[in-house]
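One structure is given below, encoded as structure tokens.
Residue numbers (the working numbering): 165 to 484.
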């Protein structure tokens, strides 16, 4: 593994059994690399497997198959006790800040918990000298530390969640739609907070979102997921200026434009229908049932993720 790679995911697969016979193909053969100090944005429709992929990487779920390498160390098969030394270096910011915070604990106790669990401090009182500066860093104050989660707004609760994730100064932070539940005015503040911390500490982010405009602002590279598979990966500006996969074009085509004249001139995405069930995914290319360019081969053969030029990877039969 390259020394510059913080995270390497190889052919990661996660299936869930439903009943006695059915299987949910939540994540199927996903591979990508995240470099140190960089951000990889993962985008796609709801139900495409983004969050399941993230939770499998951080080992909240045990992978069905594949490999997960963190700083060159294979953590795929490690048991929970064996994972503890690695958990200090990989943290997660959850989508719903209220559901992810213990309602019976004060902010001080919530942020102190990982410090105590990983032996950074022995007592909650000893953690104050680390907690108070972190609260200031995320836009809260020392006075907020004695309050409970229900006493905060959604944006403030997310700041508490960010403080809890960053207090251990991890190498990797998985951001699972950390701004989707927030007002637009608060989203930019939270994203800028994460970017500032990245510039200072060199942390790597896997940033999951469905807001394509925000992902472009945050990410160095972008991966597009559809029905459990990665269909396109490229440098952020390249994928927005020159999308190759029909699904990526459809996602970008769905971004609203404030100017009515430009909106009318804009090419329609050509993407119709709903995402198929992951219990019974289509054969061949999983997008062929909604693709306006589908050919016979698309329903028969699974396209592989290949370099279409300049490191722009896509899984589509249109690109040979």
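Using N, Cα and C, we set each Cβ at its ideal position, and we do this for glycine too.
(message) Quick check on the burial criterion: 16 or more other C-beta atoms within 10 angstroms. Buried or exposed for residue 397?
(response) On the chain shown, residue 397 is found 233 positions in, with the first residue counted as 1. Its Cβ being crowded by 16 or more others within 10 Å, residue 397 is buried.
(request) Express the C-alpha separation of residue 339 and residue 192 in angstroms, rounding to a whole number. (result) Here residue 192 corresponds to residue number 28 of the chain shown, with the count starting at 1. Here residue 339 corresponds to residue number 175 of the chain shown, with the count starting at 1. Those two C-alpha atoms are separated by around 21 Å.
(message) Taking the beta strand (DSSP E) that residue 203 belongs to, which residues open and close that run?
(response) Position 39 of the chain shown holds residue 203. 203 to 207 is the extent of the beta strand (DSSP E) around residue 203.
(message) So the candidates are 334, 332, 319; which of them puts its Cα closest to the Cα of residue 349?
(response) Counting from 1 along the chain shown, the entry for residue 349 is found at position 185. For residue 349, the nearest C-alpha among the options comes from 319.
(request) Taking residue 272 as the reference, give the member of 451, 187, 305 with the closest Cα. (result) Here residue 272 refers to the residue found at position 108 of the chain shown. Residue 272 has its Cα closest to that of 305, out of 451, 187, 305.
(message) Per the DSSP calculation, residue 494 is bridged to which residue(s)?
(response) The chain is shown from 165 up to 484; residue 494 falls before or after that span and cannot be answered.
(request) Using the Cα positions of residue 165 and residue 172, report the straight-line distance between them to the nearest angstrom. (result) Here the question's residue 165 lines up with position 1 in the chain shown. Here the question's residue 172 lines up with position 8 in the chain shown. Because residue 165 sits at a pLDDT of 48, beneath the cut-off of 50, its placement in the model cannot be relied upon, and the point is left open.
(request) May I have the straight-line CA-CA distance separating residue 279 from residue 370, to the nearest angstrom? (result) For the purposes of this step, residue 279 is identified with residue 115 of the chain shown, where counting begins at 1. For the purposes of this step, residue 370 is identified with residue 206 of the chain shown, where counting begins at 1. About 23 Å.
(message) For the structure I just gave you, are there three or more beta carbon pairs, one from the segment 353 to 368 and one from the segment 182 to 192, closer than 8 Å?
(response) no
(request) Determine the direct distance from the alpha carbon of residue 252 to that of residue 229, and round the result to whole angstroms. (result) Your numbering for residue 229 matches position 65 in the chain shown. Your numbering for residue 252 matches position 88 in the chain shown. Rounded to the nearest angstrom, the two C-alpha atoms are 24 Å apart.
(message) Cutting at 8 Å between CB atoms, please list the residues of its own chain near residue 286, excluding the five before and the five after it.
(response) The sequence position of residue 286 within the chain shown is 122, counting from 1. Closer than 8 Å at the Cβ level, and outside the excluded window around residue 286, lie 280.
(request) Put residue 412 into one of helix, strand or coil per three-state DSSP. (result) By one-based count along the chain shown, residue 412 stands at place 248. Note: residue 412 maps to helix in three-state DSSP.
(request) Pair every Cβ in the segment 238 to 254 with every Cβ in the segment 208 to 216, then say whether three or more of these pairs are closer than 8 Å. (result) no
(message) Buried or exposed for residue 393, going by 16 or more other Cβ atoms inside 10 Å?
(response) Looking up residue 393 in the chain shown gives position 229. By the neighbour-count rule (16 or more Cβ atoms within 10 Å), residue 393 is buried.
(message) On a Cα-Cα basis, can you pick out the residue from 471, 438, 333, 474 that is closest to residue 210?
(response) Translated into positions along the chain shown, residue 210 becomes position 46. Nearest of 471, 438, 333, 474 to residue 210, Cα basis: 438.
(request) Kindly confirm or deny that the segment 474 to 483 and the segment 401 to 410 touch, where touching means at least three C-beta pairs closer than 8 Å. (result) yes
(request) Can you tell me the Cβ-Cβ gap for residue 187 and residue 181, rounded? I've got them flagged as a contact below 8 Å. (result) In the chain shown, the residue the question calls residue 187 occupies position 23. In the chain shown, the residue the question calls residue 181 occupies position 17. Between residue 181 and residue 187 the Cβ distance is about 6 Å, and since that is below 8 Å, they are a contact.
(message) Tell me the DSSP secondary structure of residue 241 in three-state form.
(response) In the chain shown, counting from the first residue as 1, residue 241 sits at position 77. Three-state result, residue 241: coil.
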